[in-house]
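Asks: Quick note, the sequences are listed as chains A and B, same order.
Those letters in the first sequence? Residues 21 to 30, per this note's numbering, in order.
Those letters in the second sequence? Residues 207 to 418, per this note's numbering, in order.
Glycine included, C-beta positions come from ideal geometry on N, C-alpha and C.
On a predicted model such as this, the values are computed, not experimentally measured, just so you know.
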Amino acid sequence: PKDGDVKDEL
Amino acid sequence: MNIFRLAGDMTHMFSVLVLLLKIHTIKSCAGVSVKTQELYAIVFATRYLDIFTSFVSIYNTFMKLVFLGSSFSIVWYMRYHKAVHRTYDREQDTFRHWFLVLSCLLLALLIHEKFTFLEVLWTFSLYLEAVAILPQLVLLQRTRNIDNLTGQYIFLLGGYRGLYILNWIYRYFTEPHFVHWITWITGLVQTLLYADFFYYYFLSWKNNKKLN
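Rendered as structure tokens:
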């Protein structure tokens with residue numbers, strides 16, 4: 021995931 | 207990863223551990239809605255489908271496995287463990303949660319960022335998570351009884367949602383391109399449901415009365 025991507029959250 | 211996000215994840219993990227501890231050691235799930243737990247199992251199963259396709263960090267993969275494992279274990283305990291199942295408030299836990307699943311699926315098909323299989327299911331998991339606590343809140347209102355562990359479970363879940371909002375505010379100001387309306391609105395709706403519940407929980411605690 022790139023910077024600012026919410027998909028790195030749970 | 208900022209401190210709000212980490213604190214939110216830890217609070218979330220503790221909430222699930224508190225519930226598992228209650229069920230595993232006391233062998234009781236009194237006051238716990240299996241419908242809410244099934245909704246969470248669906249939420250994690252649909253959101254974490256990317257566990258095979260996109261790797262973020264060992265931390266992320268580990269936590270995803272924790273949430274998948276714990277939510278399915280809780281459902282298994284409540285449905286199939288004989289001693290635990292006996293303590294389940296079946297007559298009171300009657301919320302029609304499949305309507306929530308269906309409505310969230312329709313909404314995800316209508317409102318999403320990209321129309322792909324993974325993206326629609328990911329959006330569906332956000333919508334469903336926002337309302338997944340409803341059967342639990344309805345059950346609490348019906349039984350009008352809340353033991354310490356169930357109270358702590360909901361309190362920790364509410365804390366986790368609040369911390370995630372602080373995390374988004376922090377990320378918005380520190381990361382370029384961090385604008386995610388669907389995530390924010392569903393997160394806000396979810397947090398407001400908890401805030402509303404705690405408002406009444408606090409009132410009944412202050413008046414030393416049962417939940418109304």
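In the segment 365-390 of chain B, which residues sit with their C-beta less than 7 angstroms from some C-beta in chain A, listed in chain order?
Replies: Glu381, Pro382, His383, Phe384, His386 and Thr389
Asks: Using a beta-carbon distance below 9 angstroms, is Asp295(B) in contact with chain A?
Replies: Here residue 295(B) refers to the residue found at position 89 of the second sequence. No, Asp295(B) does not count as interfacial toward chain A.
Asks: Would the segment 276-293 of chain B count as touching the segment 342-355 of chain B if we require 3 or more Cβ pairs under 8 angstroms?
Replies: no
Asks: Does DSSP put Ser277(B) in a helix, a strand or coil?
Replies: On the second sequence, residue 277(B) is found 71 positions in, with the first residue counted as 1. Looking at Ser277(B) - three-state DSSP - the assignment turns out to be helix.
Asks: Which residues in chain A have a C-beta closer than 9 angstroms to the C-beta of Met216(B)? List them in chain order.
Replies: As a position in the second sequence, residue 216(B) is number 10, starting the count at 1. Going along chain A, no residue has its Cβ under 9 angstroms from Met216(B), so there is no contact; the nearest lies around 11 angstroms.
Asks: Applying the 10 Å Cβ sphere with the 16-neighbour rule, what's the burial state of Tyr405(B)?
Replies: Against the second sequence, residue 405(B) aligns to sequence position 199. Looking at its Cβ environment, which holds fewer than 16 other Cβ atoms inside 10 Å, Tyr405(B) is exposed.
Asks: Find the residues of chain A that neighbour Met269(B), judging by a C-beta separation of less than 8 angstroms, and give them in chain order.
Replies: Residue numbering aside, residue 269(B) sits at position 63 when the second sequence is read from its first letter. By Cβ distance, chain A contributes Leu30.
Asks: For Leu313(B), collect the residues of the same chain with a Cβ closer than 7 angstroms to its Cβ; drop the 5 residues on either side in sequence, then sort them by chain order.
Replies: The sequence position of residue 313(B) within the second sequence is 107, counting from 1. Result list for Leu313(B): Tyr333, in chain order.
Asks: Confirm, please, whether the CB-CB distance from Ser279(B) to Tyr246(B) is below 9 angstroms.
Replies: Taking the second sequence and counting its residues from 1, one reaches residue 246(B) at position 40. Taking the second sequence and counting its residues from 1, one reaches residue 279(B) at position 73. Their beta carbons are not under 9 angstroms apart, which means Tyr246(B) does not touch Ser279(B) by this criterion.
Asks: Using 8 angstroms for Cβ pairs, my map puts Tyr254(B) next to Leu225(B). What's the rounded Cβ distance?
Replies: Against the second sequence, residue 254(B) aligns to sequence position 48. Against the second sequence, residue 225(B) aligns to sequence position 19. Actually they are not in contact, since the Cβ atoms of Tyr254(B) and Leu225(B) sit about 19 angstroms apart, beyond 8 angstroms.
Asks: Within 9 angstroms of any Cβ in chain A, is that where the Cβ of Trp411(B) sits?
Replies: Working through the second sequence from its first residue, we reach residue 411(B) at position 205. For Trp411(B), the answer is no, since every Cβ of chain A falls outside 9 angstroms of its Cβ.
Asks: Give me the Cα-Cα distance between Ala213(B) and Leu399(B), rounded to the nearest whole angstrom.
Replies: The residue labelled residue 213(B) in the question sits at position 7 within the second sequence. The residue labelled residue 399(B) in the question sits at position 193 within the second sequence. Spanning the two alpha carbons is a distance of roughly 20 angstroms.
Asks: With DSSP as the reference, label Thr293(B) as helix, strand or coil.
Replies: Taking the second sequence and counting its residues from 1, one reaches residue 293(B) at position 87. If DSSP states are grouped into helix, strand and coil, Thr293(B) belongs with coil.
Asks: Taking Thr389(B) as part of the alpha helix (DSSP H), name the residues at either end of that continuous run.
Replies: Here residue 389(B) corresponds to residue number 183 of the second sequence, with the count starting at 1. Start and end: Trp387 to Lys412.
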